[in-house]
Structure formats: structure tokens, C-alpha cells
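Trainee: Dropping a structure here in C-alpha cells format, bear with me for questions.
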Amino acid sequence: MPRSLIETLIDRHMKCVRCGAQMGTCRCWEDVTLRCPKCRRTKQVAKDILDPIETATVEATCNQCHKRGLSAPIRYFDSKGQEIEQANAGSVR
Ligand SMILES: [Zn+2]
Ligand SMILES: [Zn+2]
43 MPRSLIETLI
53 DRHMKCVRCG
63 AQMGTCRCWE
73 DVTLRCPKCR
83 RTKQVAKDIL
93 DPIETATVEA
103 TCNQCHKRGL
113 SAPIRYFDSK
123 GQEIEQANAG
133 SVR
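Going by the working numbering, the first residue of the sequence shown is number 43, and it counts up by one from there.
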């Protein structure tokens, strides 16, 4: 039996697009700490689709430092502070 459009839409919103789990039951979209390696400022941001799932901290150059010409490669750390090896580079934030 074909599903109605509204059921399909609800289904899409209720399931995590990363792991397929019921929304709210997985840890794919928890906030992560964004830390600038240049000025050491931190802020809480929503996890990005490009971030590894186990990410707790992202080290990335902030906009202000980026404008001043400073930049550093993006690094990811898990909740234990261990760096996560990342094959594909993320986006500048
Ligand atoms: Zn998930
Ligand atoms: Zn900065």
C-alpha cells in the first residue's frame, strides 16, 4: 500500500539522516565545542554533517582569525580528548 506524502515527510523528520536511528535516540547531533587554535576562544555549536560521529571538540580557525589571515587545519577530538583521524577535511567555520 503506497504511503501518503505526509507520512513520508514525518518519517524523514523522525529518523536520523546519519545513522537511521529514531531522532533523539542517537548522539549524531549533540552540540560540539568549537575551539579556535589561534585565539583559544570556544563556543558550542551544533554538530556538522561532516564531523565524525564521535566528535566532542572541533579545533578550527574562527572567522575573526580567518579574516586576519590566520588558518590552521581542522582537527577533531572525541570526548576523551583523543584526536580523531579524519580522511576528508571539513569546512571552515
Ligand atoms: Zn544518528
Ligand atoms: Zn580565533
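We put the CB at the ideal spot given by N, CA and C, even for glycine. Given the structure is predicted, the values throughout are model-derived calculations rather than measurements.
#1: Mapping the DSSP letters down to three states, classify L47 as helix, strand or coil.
#2: Let me know the secondary structure DSSP gives Q106 once reduced to three states.
#3: Threshold first: 3 residues or longer. Then list the beta strand (DSSP E) segments lying entirely within the segment 62-130, N to C.
#4: Leaving aside the five residues before and after M56 along the sequence, list all residues of the same chain whose C-beta is less than 6 Å from its C-beta, in chain order.
#5: Counting C-beta neighbours from all protein chains within 10 Å, is the total for L47 16 or more, i.e. buried, or is it exposed?
Mentor: Taking the geometry as given:
#1: helix
#2: helix
#3: 73-77, 84-88, 97-101, 117-120
#4: M65
#5: exposed
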